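In short: position in the sequence shown from 1, add 30, done, that's this note's numbering.
Where is the CB? At the ideal position from N, CA and C, for every residue including glycine.
Keep in mind the model is a prediction, meaning the values are calculated, not measured.
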Amino acid sequence: MRSNTSMQESETLSRRDCLTSAAAAALGYTLAAGPVRAAAIKTGTDGLSAGAAKVKVPDGEMAVYYAKPLGAEKPPVILVAMEVFGLHEHIKDVTRRLGKLGAFAIAPDYYFRLGDLTQITEPSQLMPLVNSKPDHELFSDLDATVDWAKSQGGDTDRLGIIGFCRGGRTVWLYATHNSSLKAGVAFYGSLMDPPSAAMPENAFELATEVKAPVLGLYGAEDASITPDQVEAMKEKLRAAGKTVKFKIYPGAGHGFFADYRQSFRAEAAQDAWLSMQAWFKKYKVLD
31 MRSNTSMQES ETLSRRDCLT SAAAAALGYT LAAGPVRAAA IKTGTDGLSA
81 GAAKVKVPDG EMAVYYAKPL GAEKPPVILV AMEVFGLHEH IKDVTRRLGK
131 LGAFAIAPDY YFRLGDLTQI TEPSQLMPLV NSKPDHELFS DLDATVDWAK
181 SQGGDTDRLG IIGFCRGGRT VWLYATHNSS LKAGVAFYGS LMDPPSAAMP
231 ENAFELATEV KAPVLGLYGA EDASITPDQV EAMKEKLRAA GKTVKFKIYP
281 GAGHGFFADY RQSFRAEAAQ DAWLSMQAWF KKYKVLD
């Protein structure tokens, strides 16, 4: 992660400095999220084993992107739950950042049955697809990723999960599903989605079933997940005796951590990244 100063400079410089659609696509960014900032953070692979792999799932093989320290013995495992835009470069970069922190970080492409979502340019075409992903299938895909990580030498006794946007919802729900999870961090994860056949219960409805400590990171200017929703979630979790912490960042909207988009807010992103590290260290995921 860059320093706070350099992140702020990147934000200032990039407001008029976006990649062309062709350049963004060539670099592996999704276009459905809108213009891609040329100053998006880029994390190298020095000191890491990083790349693509395949994980067996009941109906085939699922692609994943992973990063872990070279030569590490039994590194902790952190799942990276992506946004709705597919397994694109920003999610891979976050995976590498976690690898630099000592984790065996893995981002599974659990939308693979729906096609390559990074190639869909219109959100109106994208959302019906991702909304069709059944929660039970999502849990199965994540469980398979954990099993694969263990087979590759990862320490699944120190299992964490981090997620963004729809992936933040995944954090909340996976914390109700996997009793072995040590901690989760949800970046602006949706809380009160309307029920559907694929997603019958939302995070708020399942709050009393959360089994692991979860840190929720939200923007005060988020029009889709309002501070009132976050406060209601906080109250419900605490009334149920759950171990949770929330941060709501003034001046930040949805996607404030997404350094490849204009929604990026450097100061909030820097604090959120440090808060994530502290949370995972507190609950023995990271050293």
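{"Asked": "Would a C-beta distance cut-off of 8 Å place A174 and V87 closer than the cut-off?", "Found": "yes"}
{"Asked": "Here's the rule I'm using: 16 or more other beta-carbon atoms within 10 Å means buried, otherwise exposed. How should H166 be labelled?", "Found": "exposed"}
{"Asked": "Check whether the Cβ atoms of A93 and D139 lie closer than 8 Å to each other.", "Found": "yes"}
{"Asked": "Extract the residue ranges of the alpha helix (DSSP H) inside the stretch 121–164, only unbroken runs of 4 or more that lie entirely within it.", "Found": "153–160"}
{"Asked": "Hey, quick one: how far does the alpha helix (DSSP H) through V114 stretch, first residue to last?", "Found": "Segment: none, V114 is in no alpha helix (DSSP H) and carries neither H nor E."}
{"Asked": "Assess contact between the stretch 272–286 and the stretch 242–249, defined as three or more Cβ pairs (one per stretch) separated by less than 8 Å. Is contact present?", "Found": "yes"}
{"Asked": "Rounded to a whole number of angstroms, what is the C-alpha to C-alpha distance between I191 and T50?", "Found": "33 Å"}
{"Asked": "Considering only residues of the same chain and omitting the five flanking positions on each side of L61, which have a CB-CB separation below 7 Å?", "Found": "S51, A54, A55 and T151"}
{"Asked": "Looking at G214 and A242, is the spacing between their C-beta atoms short of 8 Å?", "Found": "yes"}
{"Asked": "Determine the closest residue to G145 out of A111, G193 and L117, with distance taken between C-alpha atoms.", "Found": "L117"}
{"Asked": "Indicate whether the contact test is met: 3 or more Cβ pairs, each with one atom in the stretch 202–218 and one in the stretch 126–137, closer than 8 Å.", "Found": "no"}
{"Asked": "I'd like to confirm the pairing. Which residues does DSSP put opposite E91 in its beta bridges?", "Found": "K86"}
{"Asked": "Under a three-way DSSP split, which group does M263 fall into?", "Found": "helix"}
{"Asked": "Assuming L219 and W202 form a contact by the criterion Cβ under 8 Å, report the distance between their Cβ atoms to the nearest whole angstrom.", "Found": "Checking the sequence, you will find Gly at residue 219 rather than Leu. Confirmed, Cβ separation roughly 6 Å."}
{"Asked": "Under 7 Å: does the beta carbon of K72 sit that close to some heavy atom of the ligand FMN?", "Found": "Absent from the structure shown: the ligand FMN. Ligands present: none."}
{"Asked": "For R295, count neighbouring C-beta atoms within 10 Å of its own C-beta (all shown protein chains included) and say buried if the count is 16 or more, exposed if not.", "Found": "buried"}
{"Asked": "Can you list, in chain order, the stretches of the alpha helix (DSSP H) that have 4 or more residues and sit fully within the stretch 157–242?", "Found": "165–181 and 196–207"}
{"Asked": "Is the CB-CB distance between A111 and G193 below 8 Å?", "Found": "yes"}
{"Asked": "Reducing DSSP to helix, strand and coil, say where L304 ends up.", "Found": "helix"}
{"Asked": "In the DSSP assignment, find the beta strand (DSSP E) that holds L247 and state where it starts and stops.", "Found": "V244 to G249"}
{"Asked": "What do you get for D171, buried or exposed, if any count of 16 or more other CB atoms within 10 angstroms of its CB means buried?", "Found": "buried"}
{"Asked": "For A70 versus D289, is the C-beta spacing smaller than 8 Å?", "Found": "yes"}
{"Asked": "Can you give the Cα-Cα distance for Q307 and E91, rounded to whole angstroms?", "Found": "31 Å"}
{"Asked": "Alpha carbon to alpha carbon, how far is L316 from F134?", "Found": "10 Å"}
{"Asked": "With DSSP run on the structure shown, which of helix, strand or coil describes A56?", "Found": "helix"}
{"Asked": "Would you kindly work out how many angstroms separate the C-alpha atoms of E261 and R67, rounded to a whole number?", "Found": "32 Å"}
{"Asked": "Helix, strand or coil for F310, going by three-state DSSP, please let me know.", "Found": "helix"}
{"Asked": "Evaluate L267 with the Cβ neighbour count: other Cβ atoms within 10 Å of its Cβ, from every protein chain shown; 16 or more gives buried, anything less gives exposed.", "Found": "buried"}
{"Asked": "What is the residue span of the beta strand (DSSP E) that V274 lies within?", "Found": "V274 to Y279"}
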